[in-house]
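Numbering (this note's numbering), first residue to last: 1464 to 1584. Take a look at the structure set out below.
Here is the structure:
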């Protein structure tokens, strides 16, 4: 079998294909990096959501059963404990919303993100 001749035209086509491949690589790597960062942010918010949900359950259930030194019940008033548990649930919902937002945004790295909503007080 004969080896095809390397003409100037064929060499220029090869260089054009190589240049096109190198030109496309950079934006693809950039989008992959953005997607990875957004997935990482979604993971952080998902972890925070789980933590706040667990903390809310602990706050609302176990604080009423806790006894202080000397047998004094209720380390803090019931209303304060319920307020803290409600705030922890709000924080869990906030982080859950952000987790879903960043997980979806990781699939569309070219799209701009809306600013995050303010944290609940």
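In this text, a Cβ means the ideal position worked out from N, Cα and C, and glycines have one as well.
Identity of the residue in the options nearest residue i by Cα
{"i": "residue 1561", "options": "1474, 1542, 1466 and 1508", "result": "1508"}
{"i": "residue 1543", "options": "1516, 1523, 1477 and 1557", "result": "1523"}
{"i": "residue 1495", "options": "1573, 1578 and 1559", "result": "1573"}
{"i": "residue 1518", "options": "1470, 1541 and 1550", "result": "1550"}
{"i": "residue 1515", "options": "1548, 1541 and 1465", "result": "1548"}
{"i": "residue 1497", "options": "1579, 1580, 1575 and 1584", "result": "1575"}
{"i": "residue 1546", "options": "1571, 1473 and 1584", "result": "1584"}
Residue i versus residue j - alpha carbon distance
{"i": "residue 1492", "j": "residue 1483", "result": "15 angstroms"}
{"i": "residue 1513", "j": "residue 1555", "result": "7 angstroms"}
{"i": "residue 1582", "j": "residue 1553", "result": "9 angstroms"}
{"i": "residue 1479", "j": "residue 1499", "result": "31 angstroms"}
{"i": "residue 1541", "j": "residue 1490", "result": "56 angstroms"}
{"i": "residue 1465", "j": "residue 1481", "result": "25 angstroms"}
{"i": "residue 1579", "j": "residue 1510", "result": "17 angstroms"}
{"i": "residue 1488", "j": "residue 1472", "result": "25 angstroms"}
{"i": "residue 1521", "j": "residue 1486", "result": "54 angstroms"}
{"i": "residue 1475", "j": "residue 1503", "result": "43 angstroms"}
{"i": "residue 1477", "j": "residue 1467", "result": "14 angstroms"}
Where residue i sits in the DSSP three-state scheme
{"i": "residue 1491", "result": "helix"}
{"i": "residue 1464", "result": "coil"}
{"i": "residue 1561", "result": "helix"}
{"i": "residue 1582", "result": "coil"}
{"i": "residue 1577", "result": "coil"}
{"i": "residue 1470", "result": "coil"}
Contact under 8 angstroms by Cβ, residue i with residue j
{"i": "residue 1557", "j": "residue 1501", "result": "no"}
{"i": "residue 1569", "j": "residue 1505", "result": "yes"}
Contact with chain C by residue i, beta-carbon distance below 8 angstroms
{"i": "residue 1499", "result": "This model lacks chain C altogether, as it is built from one protein chain only."}
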